[in-house]
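Quick note on numbering: the sequence shown equals residues 167 to 377 in my numbering.
C-beta atoms are modelled at their ideal positions from N, C-alpha and C, and glycine is treated no differently.
Scroll down for the structure; my scribbles are underneath it.
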Amino acid sequence: MTFKRIFENNEKWVAEKLALDPEYFEHLSKGQNPDFLYIGCSDSRVTAEDLMGVNPGEVFVHRNVANLVISTDNNLNAVVQYAVEFLKVKHIIVCGHYDCGGVRAALHPSDMGQLNSWLQTLRDVYRIHRSELDIIEDSQKRFDRLVELNVIEQCINISKIDHVQRAWYKTRYPTVHGWVFDVRTGKLIDLSLNMDQIFGEVSSIYDLNLD
Ligand code: CO
167 MTFKRIFENN EKWVAEKLAL DPEYFEHLSK GQNPDFLYIG CSDSRVTAED
217 LMGVNPGEVF VHRNVANLVI STDNNLNAVV QYAVEFLKVK HIIVCGHYDC
267 GGVRAALHPS DMGQLNSWLQ TLRDVYRIHR SELDIIEDSQ KRFDRLVELN
317 VIEQCINISK IDHVQRAWYK TRYPTVHGWV FDVRTGKLID LSLNMDQIFG
367 EVSSIYDLNL D
């Protein structure tokens, strides 16, 4: 893929959209009203809109290395607050993916510079679930399971955020979902997490008792 090719592609894309609907961009420019906030990995293979089959305007997207929800991440917090308070999204999705380089790095510690502190959260996930992970003999299965457990822990981290808890008290939304994208098959897997139960188990620690 060359740099120039991207702008040629863009011209083609605009023409295709206008051929189907001459007012496409006029509608798009009127604003967004997405029902979903998607938090996924920056991995170039895991393209949120493509794998969900959604159009521009349908999903608010945040991506970082290994789809982490870190309480001191100002970027993430701003995205969540905007999505919950202003866009009033109905669903927050944390989507991990198999063969995630960030998760692999957490399983094989080494000096990775700036990534050392970022991936510490993933190493914490490993530590919390060590007894489950260490008895999985197949290294591929252990890797896959850490991808899934990371998604679960990041969903719990979403539930700790004050903006999310405040919205829950007011409207019961947004619903939190944990997904894994399987890059080996293209399939999207819903971990079918029962977040009411999962948050219920830790609510005495994390419920901020907001009005
Ligand atoms: Co990844």
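Shortest Cα-Cα distance from H263 to any of I172, I301, V349 and R171 involves V349. As far as DSSP is concerned, Y264 takes part in no beta bridge. DSSP places Y292 in no beta strand (DSSP E) but in the uninterrupted alpha helix (DSSP H) bounded by L281 to I294. Taking the Cα positions, H193 is about 19 Å away from G219. Taking the Cα of I205 as reference, the smallest distance to any Cα among L359, G279 and V235 is reached at V235. Distance from the CA of K254 to the CA of E303, rounded to the nearest whole angstrom, comes to 44 Å. Straight-line measurement puts the Cα of V291 at about 12 Å from the Cα of I322. Between the stretch 296 to 314 and the stretch 266 to 283 there are three or more C-beta pairs closer than 8 Å, enough to call the two in contact. For the set I371, I301, L299 and C261, the Cα lying nearest the Cα of W345 is the one of C261. For G344, the enclosing beta strand (DSSP E) begins and ends at T341 to F347. With contacts defined as CB atoms closer than 8 Å, H228 and V245 qualify as a contacting pair. If you draw a straight line from the Cα of M278 to the Cα of A214, it comes to about 26 Å. Take E251, set aside five residues on each side of it, and the residues of its chain with a beta-carbon closer than 7 Å to its own are H329, in chain order. Ranked by Cα distance from Y190, the first of M167, I172, L217 and N221 is N221.
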